[in-house]
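Below is one structure, written out as structure tokens; the observations come after it.
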Amino acid sequence: MKQIIVAVIGGGPGGYVTAIRLKQFGIESVVFEKERLGGVCLNRGCIPTKALVKVADFYAEMKEAEDFGINVENISFDFDKIYQRKDNVVEKLVSGVEFIFNKKDIPVIKEQVNSIEKTDSGYLIKYGEETLIAKYVIIATGSTPKELGFMPFDGEKILSSRDILNLKELPKSLAIIGGGVIGCEFASIFSQLGTKVNIIEFLPRLVATEDEEISKRLNMALKRKKIKIKLKTGVVGSEIKDDKVILKLSNNKEESFDKVLVSVGRQPQINFDFPELKTGKTGIEIDQKMQTNLENVFSIGDVTGKMMLAHTASKQGLMVASIINEKENGKKWDSFTLKYENIPRCIFTNPEIGSVGLTETQAIEKYGEIEVGKFPFSANGKSLGLGNTFGFAKTICEKSTGKLLGMHIIGPQATEIIAQGSILLGRETTAEDVDKIVFAHPTLSEVVMESVEDLHKLSIHKI
Ligand SMILES: Cc1cc2nc3c(=O)[nH]c(=O)nc-3n(C[C@H](O)[C@H](O)[C@H](O)COP(=O)(O)OP(=O)(O)OC[C@H]3O[C@@H](n4cnc5c(N)ncnc54)[C@H](O)[C@@H]3O)c2cc1C
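If you're matching positions, the sequence shown starts at 1 in the working numbering and goes up one per residue.
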């Protein structure tokens, strides 16, 4: 039977990145991918949504052109072209990854792995009618959208995040069940294109895992975009009547919509038999080195349920590649522990959100006495020039040591600016350390500097 060194199951940002790094280390792997390389992220997640975000923000900005002294008349758009552009962006990126695989001669088996079994000679992998034996297995099979039992996805009216990327026309009205990251991003996109959007969220706030102040500001911003937000409200039933979806709400009211997006979370995709593998509530159980309960079997990305973000999957995979490199080639790996709270979280709504580290509530719980520094974009010169001053940067540090614990930004380019927070927190920086850094002027990044200065009430431009 064919023997291989590493079997990577799933070719998303976890799996494909790992296979490339293994090749760079001179270790051969085979990637199993039942759809296309790139996984959810490139094909139906991060990349297509951000292509739509660009168009929606651009369109909204054009409608405000007069504020900048630019006369633009009869602004309109072609929905087909917008969706085609999104598909082109995806195609370019996915074919780019496929090209790298070809060039580096990394084999991809376009099949679903059905089962994995521990044997004396390695792990027996079954796919289609075939089998092979691998010394190491990396499970990176990702996640799928959760359904509501009483209203399963139909691809027409009741949509998943995948279905909504295949629309043929702009819906006049859209209910989004779930005000988490994915729900809010689609709300922002469709409301800016002119759809009447309603968010229905069971919890008391949007993006509930973020800092409370950030949630509040986002709520305010989305309401300004005429999005209707119902918090502490559940959907308890649905019916399709006269081409409309009628939602029955927990407050005993009924509302009807053209389409409904169900974005109530994602679940790990464990679609193969592997009896010896230990799984828990959130997915495949792993330790700090992404090792499962079985020797030489690792798992990374969404299927572990640790933190469902593309860059988490990739980083975990790169670490596993280094671990295998150490085992196979004796190349010592400078081992470190991945601190999940220090992984940046970006939300591509308008306004954007970027955050890293602990929220204010978490910081108080963990450290007791903390300091909070804040700086508004309205006092930042670059923001004024951009005509986009909504939002703020907020930095949290431990009172006794000045160690930075969290950074939360809502406003223009927040998803880019937060990279600085990631570096500062990742390097265990204190507020005093930041004092030694010079920030360029005029830049949006100055909000980081001023929010850190504000920890000690030393922000120059804050009133
Ligand atoms: C709408 C949306 C927007 C998002 N936006 C962002 C964002 O802006 N930033 C961000 O960081 N994250 C974002 N995410 C999350 C991100 O897409 C995921 O965290 C990321 O794709 C997880 O990577 P992964 O490698 O673990 O799994 P996936 O990307 O899910 O890839 C798993 C792959 O495994 C394959 N597979 C599964 N089972 C088998 C099997 N048995 N045999 C063979 N192949 C199999 C699947 O076909 C799939 O291609 C978004 C997600 C969605 C849905």
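Glycine residues also receive a C-beta, built at the ideal position from the N, C-alpha and C atoms.
In this structure, Pro107 has its CB at a distance of at least 7 Å from all heavy atoms of ligand 1. Following the DSSP letters along the chain, one finds Asn325 inside the alpha helix (DSSP H) bounded by residues 310-329. Per DSSP, the unbroken beta strand (DSSP E) holding Gly357 starts and ends at 352-357.
Val72 carries a coil assignment under DSSP once its states are collapsed to helix, strand and coil. The C-beta separation of Asn219 from Leu206 comes to about 5 Å, placing the pair in contact by the 8 Å criterion. For Asn88, the enclosing alpha helix (DSSP H) has its first and last residue at 79-104. It is roughly 38 Å from the alpha-carbon of Ser299 to the alpha-carbon of Met449.
At a cut-off of 7 Å, the beta-carbon of Gln192 does not count as near ligand 1: no heavy atom of the ligand is closer than that. CA-CA distance, Met1 to Phe150, rounds to 46 Å.
Secondary-structure assignment with DSSP links His408 through a beta bridge to Ser355, Lys394. Minimum Cα-Cα distance from Phe77 among the listed residues Thr131, Leu93, Tyr59 corresponds to Tyr59. Sequence-distant Cβ neighbours of Ser29 in its own chain, meaning closer than 6 Å and more than five residues away, are Val6, Val8, Ala19, Leu22. Going by beta carbons, Glu210 and Ile353 fall inside the 8 Å limit.
A straight line joining the alpha-carbon of Ile286 with that of Thr292 spans about 5 Å. Placement of the Cβ of Ser256 at a distance of 7 Å or more from every heavy atom of ligand 1 is found. Residue range 360-367 is occupied by the alpha helix (DSSP H) that includes Thr361.
At a cut-off of 7 Å, the beta-carbon of Ile182 counts as near ligand 1: some heavy atom of the ligand is closer than that.
The beta carbon of Asn350 is closer than 6 Å to those of Asp57, Ser188 in its chain, skipping five residues each way along the sequence. Ranked by Cα distance from Glu428, the first of Lys374, His441, Val356, Thr443 is Val356. Residues of the same chain with a CB within less than 7 Å of the CB of Thr361, apart from the 5 flanking positions on each side, are Glu212 in chain order. Annotation: Val72 to Ile82 spans about 20 Å, alpha carbon to alpha carbon. Taken in chain order, the complete beta strand (DSSP E) segments of 3 residues or longer contained in the stretch 122-148 are 122-127, 130-139, 143-145. DSSP, reduced to helix, strand and coil, places Ile347 within a strand of the structure shown.
When the five nearest sequence neighbours on each side are left out, the beta carbons in the same chain lying within less than 6 Å of the beta carbon of Ala310 are those of Pro13, Cys41, Cys46, in order along the chain. The stretch 440-454 makes contact with the stretch 366-382; the number of CB pairs closer than 8 Å reaches 3 or more. Taken in chain order, the unbroken stretches of beta strand (DSSP E) that lie wholly in the stretch 196-282 and span 3 residues or more are 196-200, 228-230, 235-241, 244-249, 254-257, 259-262, 266-268. Boundaries of the alpha helix (DSSP H) harbouring Thr415: 414-426, taken from the DSSP string. Remark: fewer than three beta-carbon pairs, one from each stretch, lie closer than 8 Å, so the stretch 242-252 and the stretch 114-131 are not flagged as touching. Remark: the C-beta of Ser173 is outside contact range of ligand 1, defined as less than 7 Å to any heavy atom. Cβ neighbours of Asn329 within its own chain (closer than 8 Å, five residues either side excluded): Phe25, Gly26, Ile27.
Residue side-chain check: Glu98 keeps its Cβ at 7 Å or more from all non-hydrogen atoms of ligand 1. Between Leu193 and Leu170, the C-beta spacing is below 8 Å.
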